[in-house]
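Okay, so here's the structure we're looking at.
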Amino acid sequence: MLLAVSLMHHPASLGALYAVGLLAAATSRVPMWPLLRREWIVVALFTGVVAAPAMMQRVTPGPILLALPHGFTLSETGVIAAARLVLRAVASVHVALLLTQTTPWHRLLRGLRSLGAPAVAVMVLSICHRYIYLLLRMAGEMLTGREARRVGRVNAAQARGQIAASAGALMVRSQDTATAVFQAMAARGFRGEPKELSPSRFTAADAALVVGSIAFGVAAYLIGGVLNV
Amino acid sequence: MSDLVYDLSDVCYAYPDGTPALAGISLRVSPGERIALLGANGSGKSTLLRLLCALEYASSGSVQAFGRPLSEAAMGVEATALGFRRRVQFVFQDADIQLFSPTVEEEVAFGPLQLASDPGDVRAQVDDALANVSIPHLRSRAPHRLSGGEKRKVALASVLVLKPDVLLLDEPAAGLDPRSAGALIDILDAFAAAGGTILLATHDIPLLTEMADRAIVIGEDHRIHADGPVVDVLTNRPLLERCNLVHTHRARKGAHEH
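Residue numbers (the numbering used here), protein chains in the order written: chain A, 21 to 249; chain B, 1271 to 1528.
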């Protein structure tokens, strides 16, 4: 689906693909509201900032679609370009989130291995994912501890100082944790080369899925071209 | 060759900033012993366990394991290191540190795979280890989503799967509810009954008699203050008070004070 998203360029076909993704999420019983909130916040923050100015007549010349106060005008070409950008971004984010929400993390990592990602890289990714939550918990406890002992308000400068101090303390603790984790691995014989229980292999079923996905993407592109949508 | 598991002579250890953690530690450990390292926080119990597991190395003095020097140079030889790791395993105090794999199965398989077991055999070894600590149902679970007691069992399974001769445990009963603590003691009893050697660091006096036969008391000066049968150590109240393992205090119960 990601391939199809990247091959399509008409907003209508991108919108249709996004709708298919939403349907897939609904049938997979993924909680819709949190999913939509996450993907639209990401898109609004990172893509909306770029897309909004692109709608202006001055930035993207073309037939005027709408006149706004203070002499601003939206061009049809600009609105289509912005819609394409936003829909492509939101459909891509949606597909990525759907994959991570419907597939256990360890199976995603095995998938990466079967696609040829180095064992060390996958292991580092796995440990990062594992310990980032531990660090977040530490950070939360530090903030809670600070709040519990604070009386009255702090001004912005004090708040910045406290955040910097917390970040420093957290960095020291993360280094200690990293050392301890390495020792835990070393104690069980780890010498820098991870070995796996059952190395994932790229099977015929995986190949069929890749070919099917490419065919879907190309078909979507061609149909979009023929129908001009 | 010596029959001793460990032979330490006048071992000192200081942190990189120079702060002493162990001073003049001499002790001998025979196969099959169940030893508790007792001491207040900061006395050096955990550091001693790390030295015994070759995760840290003594600043001075000599440490021998199975009749051979346990030094950084010796552990740099792959065959020596792999041989030692097969025989000595460590259960960390914080199970969150020890459990870094995405699933319980992969966690338990980690050690045998690193120590060059055949992956085909590893599955059977994992099955056995999970069954031994009664957690086969947790096989596909993510370790970090388990309860404290379950994490401790996974941590134990992840080292017992290697069938080590020596088990080093840092505060094994800390934070466990009574049922989980009981299950832990059963597992350690089975390990000891099979001839395994246990060294554990603790200041959990109530569980001590169930987990160890010999106690080594490390004082706040990082030196050994007593070494003998657990019962003798526990009845030596001046020693326990001096080493900050018990303290006298006022206790109020209703109108009574003692």
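A virtual CB, placed ideally from N, CA and C, is assigned to each residue, including glycine.
Chain-order list of residues whose beta-carbon lies under 6 Å from that of residue i (same chain, five-residue window excluded)
i: residue 1363 (chain B); result: 1440 and 1441
i: residue 1422 (chain B); result: 1365
i: residue 103 (chain A); result: 31
i: residue 162 (chain A); result: 186
i: residue 1469 (chain B); result: 1305 and 1438
i: residue 1411 (chain B); result: 1374
i: residue 48 (chain A); result: 122
Counterpart residues of residue i in DSSP-defined beta bridges
i: residue 1282 (chain B); result: B:1330
i: residue 1305 (chain B); result: B:1469 and B:1484
i: residue 76 (chain A); result: A:94
i: residue 1338 (chain B); result: B:1335
i: residue 241 (chain A); result: Paired residue(s): none; residue 241 (chain A) is not in a bridge.
i: residue 38 (chain A); result: Its beta-bridge partners do not exist; DSSP assigns none.
i: residue 1360 (chain B); result: B:1438
i: residue 1277 (chain B); result: B:1298 and B:1334
Same chain only: Cβ atoms within 8 Å of residue i, ignoring 5 sequence neighbours per side
i: residue 1500 (chain B); result: 1306, 1478, 1479, 1482, 1483, 1484 and 1485
i: residue 114 (chain A); result: 38, 41, 42, 45, 55 and 59
i: residue 28 (chain A); result: 34, 37, 108, 240, 241 and 244
i: residue 1287 (chain B); result: none
i: residue 1446 (chain B); result: 1418, 1419, 1422 and 1454
i: residue 1291 (chain B); result: 1283, 1284, 1285, 1314, 1317 and 1492
Range covered by the beta strand (DSSP E) that runs through residue i
i: residue 1298 (chain B); result: 1290–1299
i: residue 1499 (chain B); result: 1494–1499
i: residue 94 (chain A); result: 93–95
i: residue 1439 (chain B); result: 1436–1440
i: residue 1405 (chain B); result: Counting along the chain, residue 1405 (chain B) falls outside any beta strand (DSSP E), and DSSP gives it neither H nor E.
i: residue 86 (chain A); result: 84–87
Reference residue i, options the options, closest by Cα
i: residue 74 (chain A); options: A:133, A:216, A:166 and A:100; result: A:100
i: residue 152 (chain A); options: B:1350, B:1375, B:1367 and B:1334; result: B:1367
i: residue 1295 (chain B); options: B:1301, B:1350, B:1376 and B:1321; result: B:1321
i: residue 1324 (chain B); options: A:235, A:242, A:202 and A:238; result: A:202
i: residue 117 (chain A); options: A:84, A:53, A:80 and A:162; result: A:53
i: residue 1337 (chain B); options: B:1348, B:1498, B:1424 and B:1299; result: B:1299
i: residue 106 (chain A); options: A:155, A:26, A:214 and A:213; result: A:26
i: residue 1448 (chain B); options: B:1350, B:1476, B:1394 and B:1388; result: B:1476
i: residue 1289 (chain B); options: B:1490, B:1473 and B:1415; result: B:1490
i: residue 155 (chain A); options: A:132, A:125, A:119 and A:196; result: A:196
i: residue 1391 (chain B); options: A:23, A:217 and A:21; result: A:217
i: residue 1443 (chain B); options: B:1463, B:1464 and B:1419; result: B:1419
i: residue 209 (chain A); options: B:1371, B:1354, B:1341 and B:1285; result: B:1354
i: residue 1238 (chain B); options: B:1279, B:1405 and B:1459; result: Absent from the model: residue 1238 (chain B). The displayed extent of chain B is 1271 to 1528, so no value can be given.
i: residue 1371 (chain B); options: B:1415, B:1328, B:1329 and B:1350; result: B:1415
i: residue 1433 (chain B); options: B:1450, B:1405, B:1395 and B:1345; result: B:1395
i: residue 1334 (chain B); options: B:1406, B:1461, B:1273 and B:1507; result: B:1273
i: residue 1512 (chain B); options: B:1340, B:1488, B:1502 and B:1497; result: B:1488
i: residue 1301 (chain B); options: B:1503, B:1346 and B:1436; result: B:1436
i: residue 1404 (chain B); options: B:1349, B:1386, B:1425 and B:1350; result: B:1425
i: residue 207 (chain A); options: B:1509, B:1309 and B:1351; result: B:1351
Beta-carbon proximity list for residue i, same chain, < 7 Å, skipping 5 on both sides
i: residue 1595 (chain B); result: Look at the range of chain B in this structure, 1271 to 1528, and you will see that residue 1595 (chain B) is not part of it.
i: residue 129 (chain A); result: 142, 145 and 146
i: residue 22 (chain A); result: 112 and 115
i: residue 149 (chain A); result: 125
i: residue 140 (chain A); result: 214
Host alpha helix (DSSP H) of residue i (start-end)
i: residue 1380 (chain B); result: 1374–1384
i: residue 27 (chain A); result: 22–27
i: residue 1321 (chain B); result: 1315–1322
i: residue 148 (chain A); result: 139–169
i: residue 199 (chain A); result: 176–207
i: residue 126 (chain A); result: 125–134
i: residue 1461 (chain B); result: 1448–1463
i: residue 1365 (chain B); result: 1365–1368
i: residue 50 (chain A); result: Where residue 50 (chain A) is concerned, there is no enclosing alpha helix (DSSP H), given that its DSSP letter is neither H nor E.
i: residue 1428 (chain B); result: 1418–1430
i: residue 1508 (chain B); result: 1507–1512
- With 8 Å as the C-beta to C-beta threshold (strictly closer), list the residues of the region 199–212 of chain A near chain B in chain order. 200, 201, 203, 204, 205, 206, 207, 208, 209, 210 and 211
- Task: May I ask you to list, following chain order, the residues of the region 63–80 of chain A that have a beta carbon less than 8 Å from some beta carbon of chain B?
- Result: none
- Item | Contact list for the region 1363–1385 of chain B against chain A, Cβ threshold 9 Å | 1364, 1366, 1367, 1368, 1369, 1370, 1371, 1372, 1373, 1375, 1376, 1379, 1380, 1381, 1382, 1383, 1384 and 1385
- Give, in chain order, every residue of the region 123–152 of chain A whose Cβ lies closer than 7 Å to some Cβ of chain C. The chain inventory of the structure shown lacks chain C, comprising the protein chains A and B.
- Query: Taking a cut of 7 Å between CB atoms, which residues from the region 1389–1420 of chain B lie near chain A?
  - Reply: Only those residues of the region 1389–1420 of chain B whose C-beta falls short of 7 Å from the nearest C-beta of chain A are listed: 1389, 1392 and 1414.
- Query: Along the region 1300–1332 of chain B, what residues have a CB closer than 9 Å to any CB found in chain A?
  - Reply: 1320, 1323, 1324, 1325 and 1326
- Task: Pull out every residue of the region 152–172 of chain A whose Cβ sits closer than 8 Å to any Cβ of chain B, in chain order.
- Result: 153 and 154
- Message: Please list, in chain order, the residues of the region 1426–1437 of chain B that have any C-beta partner in chain A closer than 9 Å.
- Response: 1428, 1429 and 1432
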